[in-house]
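Undergrad:
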Amino acid sequence: MARIAPKPTMIETRTRIDQIPTKQLTERRTTNDNLFGTSHLGIPEVIADDWQLEFTGLIDKPATLSFGQLRALEKIELESAYVCAGNPVKPELAMRRAANVVWGGVALAPLLAEMGVQNAASHLWAYGLDYGAFKGETVDHYLKDIPLGRVAGGDVLLAYELNGAPLSAKNGFPARLVVPGYYGTNSVKWLCRLQLANGRPDHHFTELYSDPDYAADPSGKVTKPVWDVSPESLIIAPAAKDEIPLAPTEIWGWAWSNCAAQSVEVSVDGGATWQAADLENPQGRAWQKFIYPWTPPKPGTYDLRCRTTDIKGETQPEADWRNSIYSAVISVTE
Ligand SMILES: Nc1nc2c(c(=O)[nH]1)N[C@H]1C(S)=C(S)[C@@H](COP(=O)(O)O)O[C@H]1N2
Ligand SMILES: [Mo]
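Per our numbering, the sequence shown starts with residue 732, numbered consecutively.
Right, here's the structure in full:
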């Protein structure tokens, strides 16, 4: 796949801000300095005045938007859980890179409707301005695709704000795609082209972010794209390694999924027994708080766990997957 836009300077090589300690995730809305981050190829230096977003492929009226034109369109804000899928070649590792943020930008569906999407279009290909080498291959662009049906949901954004501030360079300045309910990898930063296509692209990054589809083929050879966020939950307090007094307390945390969380259970004995936690009602795509009031019976070490089931009935696996059950070992002292 050839280069389709001028090459910006890459101002940093590959960067990754890893899992944020749960102690820093106490706020409902994760502040920008508590956000995980991933830039596989580095960070391109993009000048807003030079930036253009090209709409191309299976549309009747291909178009180009400048940053000024994008900002002149109606802005919407959307709060959403935001989750990284982790290491693409090790989906069995739970990396717990999660946040809940407010995106500001323009809804994509009405824009595409105006341009006249052709019937043959089935997928939206999103190109980033970043380029370079990653895991043994050199690419001309970061590229991801999503099914067009997901865009029809109406909440896919061309975002230029994160928590009320302009996107920073590392978060995709000046504009990025945001696909709420899909893993972060699909929210392409430094967007330069949206292409309507009949099918999926054959590309290093779409291939990398594929999971073995064990339901379709037990050998794991058949794969499926890493799109929908699976149900997951994190205990925020008490935090792992905390020492708490022998007194009534609250175990609480955040739960999320590609659809709403329906229930959260908490275990205080390493998963041997489970009790229902109180779970707040879903609000759009934001993460949901759960609380489990608990009085430790005696001093000692406790392995606290949490498990979400979403409204589609999907729950978290015990171990060895990106959304496997979280455990925080704490001690209770006299
Ligand atoms: N263009 C581009 N978009 C990208 C990436 C990238 O490397 N290049 N990384 C993806 C991944 S894996 C994640 S988790 C999120 C991270 O977004 P953030 O760094 O703004 O938190 O961006 C996604 N979008
Ligand atoms: Mo990611």
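We treat Cβ as the ideally placed atom computed from N, Cα and C, and that holds for glycine.
Considering only heavy atoms of ligand 2, does any lie closer than 7 Å to the CB of ALA816?
TA: Here residue 816 refers to the residue found at position 85 of the sequence shown. ALA816 Cβ: within cutoff of ligand 2.
Undergrad: Starting from THR795, follow its DSSP beta bridges and name the residues at the other end.
TA: Here residue 795 refers to the residue found at position 64 when the sequence shown is read from its first residue. BP columns for THR795 point to GLU785.
Undergrad: Would you kindly report the start and end of the unbroken alpha helix (DSSP H) that includes VAL833?
TA: Taking the sequence shown and counting its residues from 1, the one referred to as residue 833 is at position 102. VAL833 -> not in any alpha helix (DSSP H); beta strand (DSSP E) instead, spanning 829-838.
Undergrad: Would you mind stating whether LEU927 and GLY788 have Cβ atoms separated by less than 8 Å?
TA: Position 196 of the sequence shown, counted from the first residue, corresponds to residue 927. Position 57 of the sequence shown, counted from the first residue, corresponds to residue 788. In this structure, GLY788 lies closer than 8 Å to LEU927 by Cβ.
Undergrad: Would you tell me roughly how many angstroms separate the C-alpha atoms of LEU772 and LYS920, rounded to the nearest one?
TA: Against the sequence shown, residue 772 aligns to sequence position 41. Against the sequence shown, residue 920 aligns to sequence position 189. Going by the C-alpha atoms only, they are around 11 Å apart.
Undergrad: Rounded to the nearest angstrom, what separates ASP749 and GLY951 at their Cα positions?
TA: Within the sequence shown, numbered from 1, the residue matching residue 749 stands at position 18. Within the sequence shown, numbered from 1, the residue matching residue 951 stands at position 220. Using only the alpha carbons, I get a separation of about 28 Å.
Undergrad: Looking at the secondary structure, which residues open and close the alpha helix (DSSP H) in which LEU939 lies?
TA: One-based indexing of the sequence shown puts residue 939 at position 208. Per DSSP, LEU939 belongs to the alpha helix (DSSP H) from 935-939.
Undergrad: Alpha carbon to alpha carbon, how far is PRO1048 from LEU843?
TA: In the sequence shown, the residue the question calls residue 1048 occupies position 317. In the sequence shown, the residue the question calls residue 843 occupies position 112. Spanning the two alpha carbons is a distance of roughly 38 Å.
Undergrad: Would you say the beta carbon of GLY912 is closer than 7 Å to some non-hydrogen atom of ligand 2?
TA: Numbered from 1 along the sequence shown, position 181 holds the residue referred to as residue 912. GLY912 Cβ: outside cutoff for every heavy atom of ligand 2.
Undergrad: Taking 7 Å as the cut-off, is the CB of GLY788 close to at least one heavy atom of ligand 2?
TA: Numbered from 1 along the sequence shown, position 57 holds the residue referred to as residue 788. Because no heavy atom of ligand 2 lies under 7 Å away, the Cβ of GLY788 does not count as near it: no.
Undergrad: Report buried or exposed for ILE742, applying the criterion of at least 16 other Cβ atoms within 10 angstroms of its Cβ.
TA: For the purposes of this step, residue 742 is taken as the residue at position 11 of the sequence shown. Answer is exposed; the Cβ neighbour count stays below 16.
Undergrad: Do GLY799 and TYR891 come within 8 Å of each other at the CB atom, strictly closer than that value?
TA: Mapped onto the sequence shown, residue 891 falls at position 160. Mapped onto the sequence shown, residue 799 falls at position 68. In this structure, GLY799 does not lie closer than 8 Å to TYR891 by Cβ.
Undergrad: Between LEU766 and the rest of its own chain, which residues show a CB-CB distance below 6 Å, the 5 nearest in sequence each way excluded?
TA: What you label residue 766 is simply residue 35 of the sequence shown in a count that begins at 1. So the qualifying residues of the chain are ALA830.
Undergrad: Please report the distance separating the alpha-carbon of PRO1028 from that of LEU977.
TA: Walking along the sequence shown from the start, residue 1028 turns up at place 297. Walking along the sequence shown from the start, residue 977 turns up at place 246. Approximately 8 Å between the Cα atoms of the pair.
Undergrad: Is the beta carbon of VAL832 sitting closer than 8 Å to the one on ARG760?
TA: As a working note, residue 832 is residue 101 in the sequence shown. As a working note, residue 760 is residue 29 in the sequence shown. The answer is yes: Cβ separation under 8 Å.
Undergrad: If I follow the unbroken alpha helix (DSSP H) through VAL882, where does it start and stop?
TA: Here residue 882 refers to the residue found at position 151 when the sequence shown is read from its first residue. Segment 879-883, the alpha helix (DSSP H) holding VAL882.
Undergrad: Would the C-beta of LYS821 count as close to ligand 1, meaning under 7 Å from any of its heavy atoms?
TA: Against the sequence shown, residue 821 aligns to sequence position 90. Outside the cutoff, so no.
Undergrad: Looking at ligand 1, does it come within less than 7 Å of SER902, judged from the CB to the closest heavy atom?
TA: As a first step, residue 902 must be located in the sequence shown, where it is residue number 171. The sequence as given places Asn at residue 902; Ser does not occur at that position. Indeed, a heavy atom of ligand 1 lies less than 7 Å from the Cβ.
Undergrad: What residues in its chain sit with their C-beta under 8 Å from that of VAL814, if we drop five residues either side in the sequence?
TA: Along the sequence shown, read from residue 1 onward, the residue named residue 814 stands at position 83. Here the set comprises ARG828, ALA829, ALA830, TYR914, GLY915, VAL960, GLU963, TRP987.
Undergrad: Looking at ARG1036 and TYR1023, is the spacing between their C-beta atoms short of 8 Å?
TA: The residue you call residue 1023 lines up with position 292 of the sequence shown. The residue you call residue 1036 lines up with position 305 of the sequence shown. No, the Cβ-Cβ distance between TYR1023 and ARG1036 is not below 8 Å.
Undergrad: Buried or exposed for GLY768, please, with buried defined as at least 16 other CB atoms from any protein chain shown within 10 angstroms of its CB.
TA: Here residue 768 is taken as the residue at index 37 of the sequence shown, counted from 1. When all chains shown are included, GLY768 counts as buried.
Undergrad: Between THR746 and ligand 2, is there a pair consisting of the residue's CB and a ligand heavy atom that are separated by less than 7 Å?
TA: Taking the first residue of the sequence shown as 1, we reach residue 746 at position 15. Checking every heavy atom of ligand 2 against the Cβ of THR746, none is found closer than 7 Å.
Undergrad: Would you mind working out which of ALA803, PHE786, LEU898, GLU808 sits nearest TRP856, comparing C-alpha positions?
TA: Sequence index remark: in the sequence shown, residue 856 carries index 125 (1-based). Per the Cα distances, PHE786.
Undergrad: Thinking LEU860 and PRO932 are a contact (beta carbons under 8 Å), I'd like their distance in whole angstroms, please.
TA: One-based indexing of the sequence shown puts residue 860 at position 129. One-based indexing of the sequence shown puts residue 932 at position 201. LEU860 to PRO932, Cβ: 17 Å. No contact.
Undergrad: Identify the residues that DSSP records as bridge partners of PRO956: which are they?
TA: As a working note, residue 956 is residue 225 in the sequence shown. Per DSSP, SER941.
Undergrad: Using the three-state DSSP reduction, which class does ALA970 fall into: helix, strand or coil?
TA: Position 239 of the sequence shown, counted from the start, is the residue given in the question as residue 970. The answer is coil: DSSP assigns ALA970 none of H, G, I, E or B.
Undergrad: Cutting at 6 Å between CB atoms, please list the residues of its own chain near GLU981, excluding the five before and the five after it.
TA: Taking the sequence shown and counting its residues from 1, one reaches residue 981 at position 250. Result list for GLU981: ILE1022, PRO1024, in chain order.
Undergrad: Inspect the beta-carbon positions of LEU804 and VAL848 and report whether they are closer than 8 Å.
TA: Walking along the sequence shown from the start, residue 804 turns up at place 73. Walking along the sequence shown from the start, residue 848 turns up at place 117. No, the Cβ-Cβ distance between LEU804 and VAL848 is not below 8 Å.
Undergrad: Report whether the distance from the Cβ of GLY915 to the nearest heavy atom of ligand 2 is below 7 Å.
TA: Residue 915 sits at position 184 when you count from the first residue of the sequence shown. Checking the Cβ of GLY915 against ligand 2 gives yes.
Undergrad: How would you label SER998, buried or exposed, when you count the other beta carbons within 10 angstroms and need 16 or more for buried?
TA: By one-based count along the sequence shown, residue 998 stands at place 267. Buried, by the Cβ-count rule.
Undergrad: Using a Cβ-Cβ cutoff of less than 6 Å, which residues in the same chain neighbour ALA992 once the five nearest sequence positions on both sides are dropped?
TA: Here residue 992 refers to the residue found at position 261 when the sequence shown is read from its first residue. Cβ within range, chain order: ALA986, GLN1019, THR1039, ASP1041.
Undergrad: If we call anything under 8 Å between Cβ atoms a contact, is ALA1072 one with SER811?
TA: In the structure as shown, the chain starts at 732 and stops at 1065, and residue 1072 therefore has no counterpart that could be examined.
Undergrad: Mind checking if ALA1017 is an interface residue toward chain D, Cβ cutoff 8 Å exclusive?
TA: This model lacks chain D altogether, as it is built from one protein chain only.
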